[in-house]
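Residues 0 to 311 (numbering that gives the first Met the number 0) make up the sequence shown, in order.
Note that beta-carbon positions come from the ideal geometry of N, C-alpha and C, so glycine has one too.
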Amino acid sequence: MSNNMSKIKFNIIIGNPVKQSLSPLIHNFVYQKIGIENQFKFIKKLLEIEDLEDFVKNGDFQNLTVTIPFKEKIIPLLDKIDPVADEIQAVNTVVKTKNHNNQNILVGYNTDWLGGLIPIYQKICNKKFDFNFNSNLEKIIESQFLKDQKTVLFGAGGAGRALGYAVLKVGSQLVIANRTLSKSQKLKEELKLIFPKASITVVDNQGQLLANELEQAKIIINSTPLGMLKLQDMSPLDVVTKKWENSNQPIFFDAVYKPLETKFLKQAKDKNAEIINGLEMLMWQAVFQFQLQTKQYADIGFFQQSLFSSDF
Ligand code: NAP
0 MSNNMSKIKF NIIIGNPVKQ SLSPLIHNFV YQKIGIENQF KFIKKLLEIE
50 DLEDFVKNGD FQNLTVTIPF KEKIIPLLDK IDPVADEIQA VNTVVKTKNH
100 NNQNILVGYN TDWLGGLIPI YQKICNKKFD FNFNSNLEKI IESQFLKDQK
150 TVLFGAGGAG RALGYAVLKV GSQLVIANRT LSKSQKLKEE LKLIFPKASI
200 TVVDNQGQLL ANELEQAKII INSTPLGMLK LQDMSPLDVV TKKWENSNQP
250 IFFDAVYKPL ETKFLKQAKD KNAEIINGLE MLMWQAVFQF QLQTKQYADI
300 GFFQQSLFSS DF
């Protein structure tokens, strides 16, 4: 092994499954573009639940990226958790750092919600997010740019939770329209604890009440798997039994990124609505994760290029 190789730190994505993850593609591409490929290598590791604790405590890694089903389970294994990740109760980024006694500690963060927030900010405010990361993010949140606006959210799982958190953080009202009503209620109650003053309501995922909400919404989000691969011919809008029109120039946001143009986004185009695809969400959570893990800022263009550098 050369000297250079021996210095390489491993950033590892852990999950189950993890094979399909695009994170190594994105991060390794950007490491190479900014010349830190001799410092970091990003790899995948498939983990069984029963091996999580041992790996987090004894594994050979610098930082971790965490995906399903470990985002909540990893929290008690960490030394410290960032306040936002604590609110969301999900960690997708773990950074190894030193405490005041010069001992290694693991700190958990969540960047998934930023994958939702930044593309919405860019579209609504017609501004590009630049890299003065902390100050700008704070200003964006302070601006409450979705105040008095409504978001309809299909799905109440992990992605729904991060996206619901994102829009509430900038002042939106939230309407949750999940298939299983009890899960909508549960998400509502959890988000209400974080945002006690916010308007958060639950509707059935198909009837007149939902149609009314869709007519008033500024943002309509699909955080269900409808539209992806085997569910390609489906969209959460298919089961909305009442006709609806929205003259509010709504933005349709799909968390699904494979395929890039889902049925939901095609339906948006039929309504002449603006769209945000799931790749933008994936990319922006990676941008913030990269900065936490490498302490470097990389040109956003490199992240965009990474996603088109391979035929994923
Ligand atoms: P999850 O935790 O399993 O939640 C899935 C949600 O979708 C649940 O609320 C579920 O409803 C609903 N759902 C599932 N099948 C449905 C169906 N046939 N009809 C109606 N609703 C259905 O999954 P997740 O982690 O949130 O992921 C959801 C989607 O987002 C996936 O396609 C994933 O690839 C994508 N995603 C994208 C990104 C990104 O960066 N772009 C990040 C995370 C996830 P019930 O409560 O009724 O079961």
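(request) Buried or exposed for Ile48, please, with buried defined as at least 16 other CB atoms from any protein chain shown within 10 angstroms of its CB. (result) Burial state of Ile48 is exposed, judged by a 10 Å Cβ sphere holding fewer than 16 other Cβ atoms.
(message) Using only CA atoms, which one of Ala165, Tyr164 and Lys242 lies nearest to Gln207?
(response) It is Lys242.
(message) Taking DSSP's pairing of strands, which residues face Asp81 in a bridge?
(response) According to DSSP, Asp81 bridges with nothing at all.
(request) Excluding the 5 residues preceding and the 5 following Gln304 in the sequence, name in chain order all residues of the same chain whose CB lies nearer than 8 Å to its CB. (result) Closer than 8 Å at Cβ, skipping near neighbours: Phe28 and Lys32.
(request) For Lys95, name the three-state secondary structure that DSSP assigns. (result) Secondary structure at Lys95: strand, using DSSP grouped into helix, strand and coil.
(request) Mind reading off the beta-carbon distance from Asn10 to Phe41? Whole number of angstroms is fine, and I expect it under 8 Å. (result) With a contact defined as Cβ atoms closer than 8 Å, Asn10 and Phe41 qualify at about 5 Å.
(message) For the alpha helix (DSSP H) containing Tyr30, name the first residue and the last one.
(response) Per DSSP, the continuous alpha helix (DSSP H) segment holding Tyr30 begins and ends at Ser22 to Lys32.
(message) Taking the alpha carbon of Ser20 as the reference point, which residue from Phe287, Ile299, Tyr296 and Met282 has its own alpha carbon closest?
(response) Taking the Cα of Ser20 as reference, the smallest distance to any Cα among Phe287, Ile299, Tyr296 and Met282 is reached at Met282.
(request) Output the distance between the C-alpha atoms of Pro23 and Ile199, rounded to the nearest integer angstrom. (result) Take the alpha-carbon of Pro23 and the one of Ile199: they are about 36 Å apart.
(request) Rank Asp269, Leu45 and Gly14 by C-alpha distance to the C-alpha of Ile67 and give the top, closest one. (result) Out of Asp269, Leu45 and Gly14, Gly14 has the C-alpha closest to the C-alpha of Ile67.
(request) With a threshold of 8 Å, establish whether the CB of Ala158 neighbours any heavy atom of the ligand NAP. (result) Placement of the Cβ of Ala158 at a distance of less than 8 Å from at least one heavy atom of the ligand NAP is found.
(request) Please indicate yes or no: does the CB of Ala155 lie closer than 8 Å to some heavy atom of the ligand NAP? (result) Within the cutoff, so yes.
(request) Using 8 Å as the cut-off, classify the Cβ of Asp111 as near or not near the heavy atoms of the ligand NAP, replying yes or no. (result) Checking the Cβ of Asp111 against the ligand NAP gives yes.
(message) Between which two residues does the alpha helix (DSSP H) holding Thr293 run?
(response) First-last of the alpha helix (DSSP H) with Thr293: Gly277 to Thr293.
(message) Counting beta carbon pairs with one atom in the segment 160-174 and one in the segment 258-267, are three or more of them shorter than 8 Å?
(response) Cβ pair count under 8 Å is below three, so no.
(request) Measure how close the beta-carbons of Tyr108 and Leu291 come, nearest whole angstrom, since I'm counting them as under 8 Å. (result) Correct: roughly 6 Å between the Cβ atoms.
(request) Tell me whether Leu77 is buried or exposed, calling it buried when 16 or more other Cβ atoms sit within 10 Å of its Cβ. (result) When all chains shown are included, Leu77 counts as buried.
(request) Please find out if some non-hydrogen atom of the ligand NAP comes closer than 8 Å to the beta-carbon of Gly277. (result) Because some heavy atom of the ligand NAP lies under 8 Å away, the Cβ of Gly277 counts as near it: yes.
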